[in-house]
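Comments concern the structure below.
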Amino acid sequence: MKWRSMWDHNNHVHHDVLRYLPSETRYDSNDHCCFGLVNARSLRNKCDQFLHFVMTENLDFCVIVESWLKNTDTVEIATLKPEGYDFINVERRERVGGGIGIFFKNTIAVTLIDSGEPLPFEFARYAIKIGTFMVDIIALYRPPYSAQHPVSIYTFVSEFADFANELFLTANRCLFMGDFNIQINRDLERSTIAFVDVLNTLSLNQLVIGPTHVSGNTLDLILIRESSDFSITNVRNDFFLSDHRFILATLSTCPVLVRKRVQFRRLNSIDHESFRASLSDDMEKILKLESLDDMVTAYNYHTKKVLDDHAPVVTKLITARPRCSMVR
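Numbering (full-length UniProt numbering), first residue to last: 1 to 328.
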């Protein structure tokens, strides 16, 4: 049998060679899915590269910012809908460029809830359903400051805080991701400090570490609320599709159980009579000290030593489990 290359003579992918294999996954509350994020800087000439990477990595969904696709780009949009997959395009209306999209397997349900282009940024909000688990994905792109877009980072930070607070009123679970064009790795810059302060106020954790752009800066971010009952793990920076890397991660529908170190004393195990006798030892000598400071120091040292002898500090690793909500 003659072997057939996945590439044609124009260096394009033969999509019938990359045949879709139906997923046998049955999602339940213990499942996870793999996803990606990328600033494509135009998908028009990168559809084949994009599809090859995403399908090779077996991603369940991938968010694209700066797709540069218009709804009239029917050929490119059709290319992004191979067998077993779908694509939702949100074009930028006001200016050229921009645009947000989500590419996903048809084994999960994705719905576009809202989208917009407020002055500092553009966004698309998707509801994703994996089995019975649902989460809102907020894809966001903030254009850098320029003559065509004279909006400062500080204006964006203020608008983003209002946007997120309003979103929290209606979203049970939410996950932010996109190109924020803020150099989060430069933690001494005033603009970065202002943005991080807002993230802390909103109780949002930033998960991407390391450079995501050819400049060596971390511009593409994934944000999750501290109170989330799901987790994002295995976050990593991968292939350069443009001047930005793919960001890959795993979404687990269960929170990660954290192991933490705790210290305690077994006070209930103390023999009261023996403990009382040990406390009485040397107490007369302590009370005869002339300096009050010396007396307090000696007393504290003696009582701590007695407590350590009778109920030493025990160190133990425990699994921190989320508390169940009270049923009312």
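Just so you know, even glycine gets a beta-carbon here, dropped at the ideal spot from N, CA and C.
With a contact defined as Cβ atoms closer than 8 Å, Val135 and Leu169 miss out at about 16 Å. Taking Arg266 as reference, the option from Asp308, Ser191, Phe180 with the minimal CA-CA separation is Asp308. Around the C-beta of Met55, 16 or more other C-beta atoms lie within 10 Å, and the residue is accordingly described as buried. Judged by DSSP secondary structure, Val135 falls outside any alpha helix (DSSP H) and instead within the beta strand (DSSP E) spanning 133–141.
The beta carbon of His213 is closer than 7 Å to those of Leu219, Asp243, His244 in its chain, skipping five residues each way along the sequence. Going by DSSP, His32 is part of the beta strand (DSSP E) stretching over 32–39.
Using a 10 angstroms sphere on the CB of Val306, the tally of other CB atoms reaches 16 or more, which defines it as buried. Contact between the segment 92–102 and the segment 54–69 is present: three or more C-beta pairs spanning the two stretches fall below 8 Å.
If you draw a straight line from the Cα of Ser115 to the Cα of Asp187, it comes to about 30 Å. A distance below 6 Å between beta-carbons, with the five flanking residues on each side excluded, links Phe239 to the following residues of its chain, in chain order: Phe53, Phe246.
Contact annotation: Ile224 and Asn205 have beta-carbon atoms nearer than 8 Å.
The Cβ-Cβ distance between Ile108 and Arg125 does not fall below 8 Å. In the three-state scheme derived from DSSP, where H, G and I count as helix and E and B as strand, Ala164 is classed as helix. As for any alpha helix (DSSP H) of minimum length 4 sitting wholly inside the segment 220–288, the runs are 272–280, 283–287, ordered along the chain. Inter-residue distance for Cys34 and Ile130 is about 12 Å (C-alpha atoms, whole angstroms).
For His149, the secondary structure class from DSSP, reduced to helix, strand or coil, is coil.
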